[in-house]
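*Asks:* Sequential numbering from 1 applies to the sequence shown in the UniProt record's numbering.
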Amino acid sequence: MSTVDNSSNEDLSIFDVDTQQFYSTQFWVFLFLIIPSLIGCLFALYHLLLNRNLRRELHNYAMIILLLINLFYSLTNISCFIHYFRTFETFTIIPVLRLIWGYVDWQIETI
Numbered sequence: 001m002s003t004v005d006n007s008s009n010e011d012l013s014i015f016d017v018d019t020q021q022f023y024s025t026q027f028w029v030f031l032f033l034i035i036p037s038l039i040g041c042l043f044a045l046y047h048l049l050l051n052r053n054l055r056r057e058l059h060n061y062a063m064i065i066l067l068l069i070n071l072f073y074s075l076t077n078i079s080c081f082i083h084y085f086r087t088f089e090t091f092t093i094i095p096v097l098r099l100i101w102g103y104v105d106w107q108i109e110t111i
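1. Looking only at its own chain, which residues have a Cβ that is under 8 angstroms from the Cβ of Leu71, when we skip the five neighbours before and after it?
2. Give the DSSP-derived three-state secondary structure of Asp16 in the structure shown.
3. According to DSSP, is Glu89 part of a helix, a strand, or is it coil?
4. Within the continuous alpha helix (DSSP H) that includes Asn53, where are the two ends?
5. In three-state terms, what does DSSP make of Ile100?
6. Does the Cβ of Pro95 have 16 or more other Cβ atoms within 10 Å, making it buried, or fewer, making it exposed?
7. Once you ignore the five residues that flank Leu31 on each side, which residues in its own chain have a CB closer than 7 angstroms to its CB?
8. Quick one: using the 10 Å Cβ neighbour count with 16 as the cut-off for buried, is Phe85 buried or exposed?
9. Check Ile39 in the structure and name its three-state DSSP category.
10. Applying the 10 Å Cβ sphere with the 16-neighbour rule, what's the burial state of Phe91?
11. For Tyr73 versus Ile108, is the C-beta distance shorter than 8 angstroms?
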């Protein structure tokens with residue numbers, strides 16, 4: 001008797017077809033929305049930082065800080081979401097970095 005091993009190394013079978021389609025849709029939505037968001041954020045920062053008249057006013061500093069926080073959040077956290085929805089796996093990072101990332105993510109969401 002021969003034994004046949006029909007097990008697969010891929011662990012994608014834990015997701016049903018509806019979940020995979022939902023994640024695929026979320027991937028494309030995040031991808032299409034993050035690109036204009038980053039372009040708009042960089043455009044606004046460029047004009048706020050290079051125009052001397054805009055830099056003199058105090059209320060523009062609050063906008064600059066919020067834009068920098070948004071840029072940091074978009075480049076780190078949303079990129080991880082996009083990677084997860086594309087590959088169905090998270091980044092393998094060391095536990096200390098995972099705790100720091102979770103703390104920073106929590107603090108950004110409270111702002």
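Ideal placement from N, C-alpha and C gives every residue a C-beta, glycine not left out.
Quantities reported herein were computed from a predicted structural model and do not represent experimental measurements.
*Replies:* Reading it off the structure:
1. Taking the first residue of the sequence shown as 1, we reach residue 71 at position 71. Excluding the 5 residues flanking it on each side, Leu71 has same chain C-beta neighbours closer than 8 angstroms at Leu38, Cys41, Leu42 and Leu45, in chain order.
2. Counted from its first residue, the sequence shown places residue 16 at position 16. Reduced to three states, the DSSP call for Asp16 is coil.
3. Position 89 of the sequence shown, counted from the start, is the residue given in the question as residue 89. Glu89 falls in the coil class under three-state DSSP.
4. If you number the sequence shown from 1, residue 53 lands on position 53. Under the DSSP assignment, Asn53 falls in the alpha helix (DSSP H) whose first and last residues are Arg52 to Arg56.
5. Here residue 100 is taken as the residue at index 100 of the sequence shown, counted from 1. Three-state DSSP puts Ile100 in a helix.
6. Stepping through the sequence shown from its first residue, residue 95 is reached at position 95. With a 10 Å radius around the Cβ and a threshold of 16 neighbouring Cβ atoms, Pro95 comes out exposed.
7. What you label residue 31 is simply residue 31 of the sequence shown in a count that begins at 1. For Leu31, the CB contacts under 7 angstroms within the same chain, skipping 5 residues up- and downstream, are Ile82 in chain order.
8. Numbered from its first residue, the sequence shown carries residue 85 at position 85. Counting Cβ neighbours within 10 Å, Phe85 comes out buried, since at least 16 surround it.
9. For the purposes of this step, residue 39 is taken as the residue at position 39 of the sequence shown. The three-state reading of DSSP puts Ile39 in helix, counting H, G and I together.
10. Numbered from 1 along the sequence shown, position 91 holds the residue referred to as residue 91. Its Cβ having fewer than 16 others within 10 Å, Phe91 is exposed.
11. For the purposes of this step, residue 73 is identified with residue 73 of the sequence shown, where counting begins at 1. For the purposes of this step, residue 108 is identified with residue 108 of the sequence shown, where counting begins at 1. For Tyr73 and Ile108, yes; Cβs fall inside 8 angstroms.
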